[in-house]
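Novice:
In my numbering, the protein residues as written are 20 to 128.
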């Protein structure tokens, strides 16, 4: 698996783990709690492997930015969280920030 694909899969694991964190109800539900632990371990392991050949700044911007937007969308779809104009603007600003940060280049070292 290439490093860019590892980052993409790490993002998926991170978003799933974050949504499971909400579903765990403070780690009082075993199934979602197990998904949290496995998901975050997998996400960080994949991210660490990708960072062997990718620069940390742009990769972390993509991982955290897309993860944040993914958790926002997942919260809306799975938990009925409210969508407000300010949250949509914030999500758009995150995406714009990730694009601007990656426009500087330097993805691989």
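Even for Gly, the Cβ is constructed at its ideal location relative to N, Cα and C. Since this is a predicted model, take the numbers as computed values, not measurements.
Count the other CB atoms, across all protein chains shown, that sit within 10 Å of the CB of residue 105; report buried if there are 16 or more and exposed otherwise.
Specialist: Position 86 of the chain shown, counted from the first residue, corresponds to residue 105. With fewer than 16 other Cβ atoms within 10 Å, it is exposed.
Novice: Please return the same chain residues whose Cβ sits closer than 6 Å to the Cβ of residue 32, not counting the five positions on each side in sequence.
Specialist: Residue 32 sits at position 13 when you count from the first residue of the chain shown. Contacts found: 58, 61 and 62.
Novice: Whether or not the stretch 63-72 and the stretch 35-51 are in contact is what I'm after, with contact meaning three or more pairs of Cβ atoms, one per stretch, closer than 8 Å; do they touch?
Specialist: No, the stretch 35-51 is not in contact with the stretch 63-72.
Novice: Compare the C-alpha of residue 56 against each of 117, 70, 36 and 103 and name the closest.
Specialist: For the purposes of this step, residue 56 is taken as residue 37 along the chain shown, with counting starting at 1. Cα-wise, what sits closest to residue 56 is 36.
Novice: Confirm, please, whether the CB-CB distance from residue 109 to residue 100 is below 8 Å.
Specialist: Taking the chain shown and counting its residues from 1, one reaches residue 100 at position 81. Taking the chain shown and counting its residues from 1, one reaches residue 109 at position 90. No, Cβ-Cβ distance for residue 100 and residue 109 is not below 8 Å.
Novice: Roughly how far, in whole angstroms, is the beta-carbon of residue 70 from the beta-carbon of residue 78, given that I think they are within contact range, below 8 Å?
Specialist: For the purposes of this step, residue 70 is identified with residue 51 of the chain shown, where counting begins at 1. For the purposes of this step, residue 78 is identified with residue 59 of the chain shown, where counting begins at 1. About 6 Å separates the two Cβ atoms, so the contact holds.
Novice: Comparing alpha-carbon positions, which option in 85, 27 and 52 lies nearest residue 115?
Specialist: Looking up residue 115 in the chain shown gives position 96. The option with the nearest alpha carbon to residue 115 is 85.
Novice: According to DSSP, is residue 97 part of a helix, a strand, or is it coil?
Specialist: To locate residue 97, count along the chain shown from 1; it is residue 78. Residue state, collapsed to three classes: helix.
Novice: Pick out whichever of 26, 28 and 52 has its Cα sitting closest to the Cα of residue 38.
Specialist: For this step, residue 38 is matched to residue 19 along the chain shown. Answer by Cα proximity: 52.
Novice: So, with DSSP's three-state summary, where would you put residue 73?
Specialist: Looking up residue 73 in the chain shown gives position 54. Residue state, collapsed to three classes: strand.
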